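Each residue of the sequence shown is one higher than the one before, starting from 83 at the first, in this note's numbering.
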Amino acid sequence: METNPYGIGTLWLQGDFLIRGIAIALLLMSIASWYVMLTRAWRLIRNRRLAGAAEGEFWHAQSFAEGLHLLDGDKDSNPFRLVAEEGMDAVAHHRDNQRDLHGQLTLSDWVTSSLKRTIDESGERMHAGLSVLASVGSTAPFVGLFGTVWGIYHALIGIGVSGQASIDKIAGPVGEALIMTAFGLAVAIPAVLGYNTLVRGNRAVLGRLNRFAHDLHAYFVTGSPVAKQEGKPRLSAVSDGLRKAEGER
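And the structure:
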């Protein structure tokens with residue numbers, strides 16, 4: 083099979099160390115961006131499913147413990163379970179540490195602070211890795227353009243040395259150099275689209291997480307209090323206990 087004199091193979095064979103280095107860098111950037119996009123997209127799909135369970139099944143449970151059981155996974159993999167457990171722990175901590183500084187806060191303020199802090203942590207986890215896509219999307223076109231400029235520079239030197247400026251002498255070297263620009267765009271465009279899609283999807287999940295936390299706040303403040311059972315805090319079914327903790331202030 084004859085080698086295409088204007089193809090990518092020729093560009094690789096005729097390119098110097100800088101052109102090959104740029105091509106390898108673009109390839110690595112593409113692999114990294116696609117890895118981030120696929121893994122974060124899978125996590126986003128999973129978080130949407132978890133959000134549906136939190137908004138539906140959780141609030142139809144007969145007890146808080148049953149509701150937690152309906153939330154799949156642990157708190158490290160399920161942001162909705164994390165918010166629920168951290169809110170429960172915040173209520174128990176506030177009740178058992180009335181003499182601490184945070185004990186001077188109302189239960190509502192303390193739970194609000196704890197839930198907001200947990201939501202912020204969940205948001206950071208959701209956006210982890212997206213900076214890679216932003217960096218690739220903003221730099222890959224310029225990396226490819228640098229390869230193009232460098233290739234055209236060497237092509238012009240070759241033309242000057244040969245003393246021939248016919249179209250057949252220019253088309254090959256210049257066309258090969260322009261391939262680097264195409265490589266840069268091929269790497270950057272999916273990264274930009276993936277970044278925008280994932281950011282928009284994560285923002286929607288965080289909105290649902292905020293609404294879930296708002297409902298939890300209302301439940302913790304006006305619903306069942308926390309009681310200790312077998313060394314672990316859980317919600318009992320008596321609402322007067324929580325109001326009593328508020329009244330002691």
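Every residue, glycine too, gets a C-beta built ideally from N, C-alpha and C.
Quick caveat: nothing in here was measured; it's all calculated off a predicted structure.
Helix, strand or coil for residue i per DSSP?
i	result
residue 205	helix
residue 139	coil
residue 230	helix
residue 189	helix
residue 179	coil
residue 210	coil
Could you check whether residue j and residue i sit closer than 9 angstroms to each other, using their CB atoms as the reference points?
i	j	result
residue 162	residue 140	yes
residue 273	residue 215	yes
residue 165	residue 302	no
residue 224	residue 108	no
residue 285	residue 136	no
residue 196	residue 172	yes
residue 101	residue 233	yes
residue 262	residue 227	yes
For residue i and residue j, I'd like the C-alpha separation in whole angstroms.
i	j	result
residue 220	residue 142	46 angstroms
residue 270	residue 116	11 angstroms
residue 276	residue 218	11 angstroms
residue 105	residue 159	37 angstroms
residue 190	residue 125	32 angstroms
residue 281	residue 131	17 angstroms
residue 288	residue 259	44 angstroms
residue 99	residue 211	30 angstroms
residue 128	residue 208	11 angstroms
residue 175	residue 167	12 angstroms
residue 152	residue 103	51 angstroms
Would you call the segment 220-239 in contact with the segment 196-205, where contact means no fewer than 3 C-beta pairs closer than 8 angstroms? no
What residue ranges within the segment 120-173 form continuous alpha helix (DSSP H) runs of no fewer than 4 residues, ordered along the chain? The DSSP assignment places complete alpha helix (DSSP H) segments of no fewer than 4 residues inside the segment 120-173 at 146-152, in order along the chain.
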